[in-house]
Amino acid sequence: MTESKESKFKRLCVFCGSSPGKKSSYKDAAVELGKELVARNIDLVYGGGSIGLMGLVSRAVHDGGRHVLGLAFITSFPHRFFSANH
772 MTESKESKFK RLCVFCGSSP GKKSSYKDAA VELGKELVAR NIDLVYGGGS
822 IGLMGLVSRA VHDGGRHVLG LAFITSFPHR FFSANH
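In the working numbering, the protein residues as written are 772 to 857.
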């Protein structure tokens, strides 16, 4: 069982690649970031992608039971928000 760490932050905004990158260490770091957010009881606000590094971070946070909010920046609708469900 992981020890829960408290943080002064309730949410953290993360923007990273929609590609997994060429090195496996990038993927590992993305998953670890997601797990660390869960351990610190921090919800995720992110770039909204379900693939690549963004997808890995969001899945780790979602699978850990925290809330995930994706922001989609679409040219004709620049302020569209949605909640990610994996």
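No residue lacks a Cβ here, since even glycine has one placed at the ideal position from N, Cα and C.
Treat the numbers as computed from the prediction; the structure is a model and nothing was measured.
C-alpha distance - Lys798 paired with Gly805, whole-angstrom precision = Looking up residue 798 in the sequence shown gives position 27. Looking up residue 805 in the sequence shown gives position 34. Lys798 and Gly805: Cα-Cα distance of roughly 11 Å.
When you compare only the Cα positions, how much space is there between Pro791 and Met825?
-> The residue given as residue 791 occupies position 20 in the sequence shown. The residue given as residue 825 occupies position 54 in the sequence shown. The straight-line gap from Cα to Cα measures roughly 8 Å.
Just the C-alpha distance for His838 and Lys793, rounded to the nearest angstrom, thanks.
-> Numbered from its first residue, the sequence shown carries residue 838 at position 67. Numbered from its first residue, the sequence shown carries residue 793 at position 22. Roughly 29 Å between the two C-alpha positions.
Gly818 (DSSP reduced to helix, strand or coil) = In the sequence shown, counting from the first residue as 1, residue 818 sits at position 47. Residue state, collapsed to three classes: coil.
Given Cys787 as reference, the closest of Ser778, Leu808, Phe780 and Ala801 once Cα atoms are compared | On the sequence shown, position 16 is the one that residue 787 refers to. Closest by alpha carbon: Ala801.
Quick one: measure Cβ to Cβ for Leu840 and Val816, integer angstroms, because I've assumed they're closer than 8 Å.
-> Within the sequence shown, the letter at position 69 stands for residue 840. Within the sequence shown, the letter at position 45 stands for residue 816. Between Val816 and Leu840 the Cβ distance is about 5 Å, and since that is below 8 Å, they are a contact.
Can you name, in chain order, every residue of its own chain whose Cβ lies under 6 Å from the Cβ of Arg811, other than the five neighbours on each side?
-> Here the question's residue 811 lines up with position 40 in the sequence shown. Excluding residues within five positions, the ones whose Cβ falls inside 6 Å are Lys776 and Ser778.
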